[in-house]
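Each remark here refers to the structure printed beneath this line.
2 protein chains.
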Amino acid sequence: MNTYARRPSSKDIARLAGVSQATVSRVMSGHPHVREETRERVLAVMRAANYQPNAMARAMKTQLSGTVGVVVSRITNPVVPEILQGLGVQLSRLGRHVIVWNTDSDGEDGVVSAIRQSVVEGLVFTAARAGSAALTAALEHRVSTVLLNRTVVDAACDQVSADNHGGAERLARYLVGAGRRRVALVNGPLDRSTLREREAGLRAGLAVTGLGIAREHYVSAPFVHEVFRDSAMRMMALPEPPDVICCGNDVIAMGVLCGLRASGRRVPEDVWVTGFDGIEMAGWDLFDLTTVRQPMDRMVALAVERLVARQAAPERAPELTRFETELVVRGTTAHTPATH
Amino acid sequence: MNTYARRPSSKDIARLAGVSQATVSRVMSGHPHVREETRERVLAVMRAANYQPNAMARAMKTQLSGTVGVVVSRITNPVVPEILQGLGVQLSRLGRHVIVWNTDSDGEDGVVSAIRQSVVEGLVFTAARAGSAALTAALEHRVSTVLLNRTVVDAACDQVSADNHGGAERLARYLVGAGRRRVALVNGPLDRSTLREREAGLRAGLAVTGLGIAREHYVSAPFVHEVFRDSAMRMMALPEPPDVICCGNDVIAMGVLCGLRASGRRVPEDVWVTGFDGIEMAGWDLFDLTTVRQPMDRMVALAVERLVARQAAPERAPELTRFETELVVRGTTAHTPATH
DNA sequence: TGCCCGAATGAATACGTATGCACGCCGCCC
DNA sequence: GGGCGGCGTGCATACGTATTCATTCGGGCA
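Listed in order, the protein sequences are those of chains A and B. For the first sequence, the working numbering begins at 1 and goes up steadily by one. For the second sequence, the working numbering begins at 1001 and goes up steadily by one.
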């Protein structure tokens, strides 16, 4: 076997099968007007020669690269791998490859140039602000685009998210109903629509019963574990510490839990803690975190569905879908004086 | 502005600048034999027309797709995002895009077909067994390949890993020196070279002082949180429970810690626990996990370096590099009766 | 028997870029 | 002053596939 020979092309297959290159192409694409006998002969030669079409050449011809881009921020947040896994399953099933950009560390340049150079035929944004250069470029170049777990008002693309506002409101009602009165909020940067919506929902839910969030019980900080940790410690050292610390997402809550552990506070005896997202780790015994779960699997599936639907019908009106959330009560908010 | 016009090609630029398409191509690739005045005229036209070369056409011509594949298993293991982030930084700096495959959920088919269809011009394997179809395909098709954090004996490609054996040996000496005698090991599947090497190193380190691992103090199980959790609970319920539970990696250790918490055991008073990897989360207060850290940043950087070096010189002899590890002692193994 | 339609196939072309080859020009050196 | 070499540029072609157009062939129907 000559391992140095170049890979066979459709021309080689054609020659070996005694047909034209066009026929080989038709066999590949399942064209109807090919005689059964011819088709089988060509397929036999393909198998024998171990033929695989050249993806680049095909992409140039069809203007379809077969790859979909996924834009994430902070890939080290465990919710991101969960999303990536889901997207990988769905998209590989459709024969698409997945290119990943982490805007926090790589910036947006790579995404923008990939869009402009037609490297991707679709994009899933898991991170996008309103003025994001990458999102703008995607829409300008008419690349099929979906926002997943992020919303941008008036963006001309499909959006799939959870009902963050409603979920947070429900959480507020639960907490107030269980007797909590001094509610704190530790949040991440508010350029994330998710975190904004959750904050608004929480405030709205509290406002119904006349409650609010004291100035010293509120933090919006960049995503750094130690910052959330220290915020919790500082709040608990106040003359009037909170009786529950709500967090913008599960990872923030983990930072808060660490701060409480470090300062010797007990959860839930001294203070309650809640997260948001419902990542798998939140259920581990060491966290046992009460949280609001979004049905990420279904969200991912719909996002992919919308993505391919838009490729088929580019001019279809954009849709925004929000999934219902589910309150998951665990040990960080238990009523009973647990051993936690 | 006509947003429906097709993207300008190098031919369009050539026409507008009054030069041949070849000259445009030469300007793009920084060819030396282009007059300064001409170059600037072409560049001006490019800017005016917002020209971006078509990546697919370029890829077909040069046989270089500009994308590098990364094969991972279990993307939800936090060590994987840390690796992906590092690879993303390094590779995007080189203008490469990163395609990610998660073999646990997607299987290897996508990787294999991508290799055979020339979708990737390089591959980083973070997951690979000896007989892996993807690795075999990569080597057969002479794609530039690096194994990162995995080793496969006799594989004809560069390999970058840590000194797992030595690190585990050192860990064993530390534990024995601190008085531990009943050492348990909770490990993952042994088709991972990393886990195999760590186990061998630990056993070797213990053997020096005549110690071993009792049969009932050993587990090798698939990667499921609950399984590790239950293993710890079961071991501690034995007539002779271990006085330290070593784990194949940090995530396993977290499962073990959860099991100990669930069964009311205290760490390190009742039993010590150690991990391996040195992921960031291991340092969080809630885990405070003693572990063996591998210098992942430097490993990633070298892997990328080797990848591009091999592209430049395909016939260079493969190298295997192992980085020194560092024992990080934290609260799960503290000598002093801590409040932990 | 003649005609028409559809099935099956081949020839030719296009996609956008990179590059080998050829050609003209200029400056330098003998 | 003539030859030579290097710079700057254009022409032509190739990469591998998809697709349009043309051609052939066979069968059914009038």
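Don't be surprised by glycine CBs; every beta carbon is placed ideally from N, CA and C. As the structure is a prediction and not an experimental result, all values here were calculated from the model.
{"query": "Flag this pair as yes or no: are the beta carbons of B/Asp1158 and B/Val1146 separated by less than 8 Å?", "result": "yes"}
{"query": "In terms of DSSP beta bridges, what is A/Gly122 paired with?", "result": "A/Val68 and A/Ser144"}
{"query": "Looking at B/Asn1164: is its Cβ nearer than 8 Å to the Cβ of B/Gly1201?", "result": "yes"}
{"query": "Restricting to runs no shorter than 4 residues, where is the alpha helix (DSSP H) found entirely within the stretch 1129-1202 of chain B?", "result": "1133-1140 and 1164-1177"}
{"query": "How would you write the range of the beta strand (DSSP E) that B/Ser1220 sits in, first residue to last?", "result": "Tyr1218 to Ser1220"}
{"query": "If you follow the alpha helix (DSSP H) that A/His97 is in, where does it begin and where does it stop?", "result": "Per DSSP, A/His97 belongs to no alpha helix (DSSP H); it is in the beta strand (DSSP E), His97 to Asn102."}
{"query": "DSSP three-state call for A/Thr3: helix, strand or coil?", "result": "Here A/Thr3 scores only 41 on pLDDT, less than 50, and its place in the model is too uncertain to base an answer on."}
{"query": "Using alpha carbons as the reference points, say which of B/Met1235, B/Val1098, B/Val1071 and B/Val1186 lies closest to B/Phe1125.", "result": "B/Val1071"}
{"query": "Considering Cα atoms alone, identify which of B/Asp1243, B/Ala1162, B/Val1160 and B/Asn1102 is closest to B/Ala1134.", "result": "B/Asn1102"}
{"query": "So, does the stretch 227-247 of chain A touch the stretch 186-193 of chain A, judging by three or more C-beta pairs under 8 Å?", "result": "yes"}
{"query": "Give a yes or no on whether the minimum CB-CB distance between B/Thr1126 and chain A is below 8 Å.", "result": "no"}
{"query": "Decide if A/Pro239 is buried, meaning its Cβ has at least 16 other Cβ atoms within 10 Å, or exposed.", "result": "exposed"}
{"query": "Can you check which of these residues, B/Arg1298, B/Arg1266 and B/Ala1309, is closest to B/Thr1333 by C-alpha distance?", "result": "B/Arg1266"}
{"query": "Considering A/Thr321, what are the terminal residues of the beta strand (DSSP E) in which it resides?", "result": "Leu320 to Phe323"}
{"query": "Taking CB distances under 8 Å as the criterion, tell me whether A/Leu257 reaches chain B.", "result": "yes"}
{"query": "Can you grab the Cα-Cα spacing for the pair A/His225 / A/Ile83, in whole Å?", "result": "21 Å"}
{"query": "Quick check: the Cα distance between A/Tyr149 and A/Asp191, rounded to an integer number of angstroms?", "result": "Sequence inspection shows Asn at residue 149 of chain A; the Tyr mentioned does not correspond to that position. Rounded to the nearest angstrom, the two C-alpha atoms are 13 Å apart."}
{"query": "Going along the chain, which residues of its own chain have a beta-carbon closer than 7 Å to the beta-carbon of A/Ser25, five neighbours each way excluded?", "result": "Ser10"}
{"query": "Are the stretch 309-320 of chain A and the stretch 268-287 of chain A in contact at 8 Å, needing three or more beta carbon pairs?", "result": "no"}
{"query": "Hey, is the stretch 39-50 of chain A in contact with the stretch 244-263 of chain A, meaning 3+ C-beta pairs nearer than 8 Å?", "result": "no"}
{"query": "Alpha carbon to alpha carbon, how far is B/Ala1110 from A/Arg198?", "result": "Note on identity: in this sequence residue 1110 of chain B is Gly, with Ala being the wrong assignment. Looking at the two C-alpha atoms, the distance is approximately 38 Å."}
{"query": "Would A/Leu289 and A/Val271 qualify as a contact pair, given that the criterion is a beta-carbon distance under 8 Å?", "result": "no"}
{"query": "Going along chain B, which residues have a C-beta under 8 Å from A/Leu286?", "result": "Met1254, Leu1257, Cys1258, Arg1261, Leu1286 and Phe1287"}
{"query": "Check this for me: beta carbons of B/Thr1325 and B/Val1292, under 8 Å apart or not?", "result": "yes"}
{"query": "Give the secondary structure of B/Thr1209 by DSSP, where H, G and I count as helix, E and B as strand, and everything else as coil.", "result": "coil"}
{"query": "Would you say A/Ile13 faces chain B, with C-beta separation under 8 Å as the test?", "result": "no"}
{"query": "Skipping 5 residues on each side, what residues in its chain have a beta carbon closer than 8 Å to that of B/Ala1301?", "result": "Gly1086 and Gln1090"}
{"query": "Would you list the one or two residues that DSSP bridges to B/Cys1258?", "result": "Its beta-bridge partners do not exist; DSSP assigns none."}
{"query": "Applying the 10 Å Cβ sphere with the 16-neighbour rule, what's the burial state of B/Arg1006?", "result": "exposed"}
{"query": "Just list the residues that DSSP pairs B/Trp1272 with in beta bridges.", "result": "B/Val1244"}
{"query": "Does the CB of A/Ser20 have a neighbour CB from chain B at under 8 Å?", "result": "no"}
{"query": "Evaluate B/Leu1094 with the Cβ neighbour count: other Cβ atoms within 10 Å of its Cβ, from every protein chain shown; 16 or more gives buried, anything less gives exposed.", "result": "exposed"}
{"query": "Which whole-angstrom value describes the C-beta separation of A/Pro81 and B/Ile1013, a residue pair presumed to lie in contact below a C-beta threshold of 8 Å?", "result": "That belief does not hold up - the Cβ atoms of A/Pro81 and B/Ile1013 are roughly 42 Å apart, past 8 Å."}
{"query": "May I ask you to list, following chain order, the residues of the stretch 1125-1157 of chain B that have a beta carbon less than 9 Å from some beta carbon of chain A?", "result": "Glu1140, His1141 and Arg1142"}
{"query": "According to DSSP, what are the bridge partners of A/Val224?", "result": "According to DSSP, A/Val224 bridges with nothing at all."}
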